[in-house]
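Trainee:
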Amino acid sequence: MKKEAGVHKAFRTAVVPAAGMGTRFLPATKTVPKELLPVLDTPGIELVATEAASSGAQRLLIVTSPGKDGVVAHFMDDFDLEKHLEARGKLRLLEKVRRAPNLLEVESVIQDTPLGLGHAVGCVEAALAPDEEAVAVLLPDDLVQPSGILETMARVRAKRGGSVLCAIDVPKSHVSSYGIFEVEEVPNVANPNVLRVRGMVEKPTLADAPSTLAAAGRYLLDRKIFDALRRIQPGAGGELQLTDAIALLINENHPVHIVVHRGTRHDLGNPEGYLRAAVDAGLNSDEYGDGLRKWLYERLARDTSDQT
Ligand code: G1P
299 MKKEAGVHKA FRTAVVPAAG MGTRFLPATK TVPKELLPVL DTPGIELVAT EAASSGAQRL
359 LIVTSPGKDG VVAHFMDDFD LEKHLEARGK LRLLEKVRRA PNLLEVESVI QDTPLGLGHA
419 VGCVEAALAP DEEAVAVLLP DDLVQPSGIL ETMARVRAKR GGSVLCAIDV PKSHVSSYGI
479 FEVEEVPNVA NPNVLRVRGM VEKPTLADAP STLAAAGRYL LDRKIFDALR RIQPGAGGEL
539 QLTDAIALLI NENHPVHIVV HRGTRHDLGN PEGYLRAAVD AGLNSDEYGD GLRKWLYERL
599 ARDTSDQT
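Numbering-wise (my numbering), the sequence shown opens with residue 299 and increments by one.
(1) List the whole-angstrom C-beta distance separating Ala-465 from Ala-514, where the pair is believed to meet the contact cut-off of C-beta under 8 angstroms.
(2) For Tyr-586, does the three-state DSSP call read helix, strand or coil?
(3) Quick one: what does DSSP say Ile-343 is sitting in, helix, strand or coil?
(4) Once you ignore the five residues that flank Asn-400 on each side, which residues in its own chain have a CB closer than 7 angstroms to its CB?
(5) Considering only C-alpha positions, which residue in the set Pro-469, Lys-394, Gly-536 is nearest to Leu-379?
(6) Helix, strand or coil for Gly-515? Go by DSSP, reduced to three states.
(7) Within the same chain, show all residues whose beta-carbon is closer than 8 angstroms to that of Tyr-586, passing over the 5 residues directly before and after it, in chain order.
(8) Do you know offhand how far Thr-503's Cα is from Leu-538's?
(9) Look up Asp-578 in the DSSP assignment and say whether it is helix, strand or coil.
(10) Tell me whether the beta-carbon of Ile-447 lies closer than 8 angstroms to the beta-carbon of Met-498.
(11) Is the segment 588 to 596 touching the segment 364 to 383 in the sense that three or more CB pairs, one from each, lie closer than 8 angstroms?
(12) Less than 7 angstroms between the CB of Glu-480 and some heavy atom of ligand 1, yes or no?
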């Protein structure tokens, strides 16, 4: 019980940066925000909101850009649609349609200019209550499963203070796509996946990468991050990087830890990662799993016989 109380006090607001243009998904993203593309039948933003709500968040703060109103609209009630489904006895669909509006409170903050992830996170400061000492940030491109990593991160913050991030171990050839951690072991730690962060660098070359442990889109950030974000300069890609603000806090002896996630992580931000997430969800689905598995076997066997 004691642990639970600590976890729930850790944060109330979960921030979801969703202001990007989704260029890797053009032409689909000309009119449909990337965050609304479905994994099976559920938009990525709803998956992230479900994770945030189940980890104790009471409010989702979506950082969005002009013209992406549909992302927030997904969390509003649609009474006409609900009445229509109810009248036709489509109760399973009705339940699905009601899911998003009932998850948690949803608000949005506009990021007018695309100046980077650090800038996007900085945009939410004014929307936080004065007593919110920490905030969770969930990048909607990252699908981290099974969910539950934020609870572990909250327990680490309750015990060790400061900020806590989620990491995954990536192949060496991928380090230049991520924020990479320099870490050291924590003495006498019960969970060997908890490590202390000594430094962090955004999108390093392999030669400059201090490890293969990469930031995986889940952050539990102390409120001090906002002050650090005001003090950074544009970094990798000419953007204001969240990584650089975290690195600044580390240099100033603010405790930063990671929890290494050993489960699945899909990158919904590009078509290949998105497709993998869809196949994974399909295979795990009661409704589509058997049919999809059978078809995949047949389809792959056809590939093999074509090669012989
Ligand atoms: C962002 C972060 C990076 C992190 C990555 C995880 O990069 O800047 O540190 O490792 O998300 O997906 P982006 O993918 O937006 O370039």
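Backbone N, C-alpha and C fix where the C-beta goes; we use that ideal spot for every residue, glycine too. Since this is a predicted model, take the numbers as computed values, not measurements.
Mentor: In brief:
(1) Against the sequence shown, residue 465 aligns to sequence position 167. Against the sequence shown, residue 514 aligns to sequence position 216. Indeed, because the Cβ distance is near 6 angstroms, the residues count as touching under 8 angstroms.
(2) Numbered from 1 along the sequence shown, position 288 holds the residue referred to as residue 586. DSSP places Tyr-586 in the coil class of the three-state scheme, outside both helix and strand.
(3) Against the sequence shown, residue 343 aligns to sequence position 45. If DSSP states are grouped into helix, strand and coil, Ile-343 belongs with the helices.
(4) As a position in the sequence shown, residue 400 is number 102, starting the count at 1. Result list for Asn-400: empty, nothing under 7 angstroms.
(5) Residue numbering aside, residue 379 sits at position 81 when the sequence shown is read from its first letter. Measuring from the Cα of Leu-379, the nearest candidate turns out to be Lys-394.
(6) What you label residue 515 is simply residue 217 of the sequence shown in a count that begins at 1. DSSP places Gly-515 in strand when its eight states are reduced to three.
(7) Within the sequence shown, the letter at position 288 stands for residue 586. Taken in chain order, the residues that qualify are Leu-338, Gly-580.
(8) Taking the first residue of the sequence shown as position 1, residue 503 is located at position 205. Taking the first residue of the sequence shown as position 1, residue 538 is located at position 240. Roughly 19 angstroms separates the two Cα atoms.
(9) The residue given as residue 578 occupies position 280 in the sequence shown. Helix.
(10) In the sequence shown, the residue the question calls residue 447 occupies position 149. In the sequence shown, the residue the question calls residue 498 occupies position 200. Contact check for Ile-447 against Met-498 fails: the beta carbons are separated by 8 angstroms or more.
(11) no
(12) Here residue 480 is taken as the residue at index 182 of the sequence shown, counted from 1. False, no ligand heavy atom lies under 7 angstroms from that Cβ.
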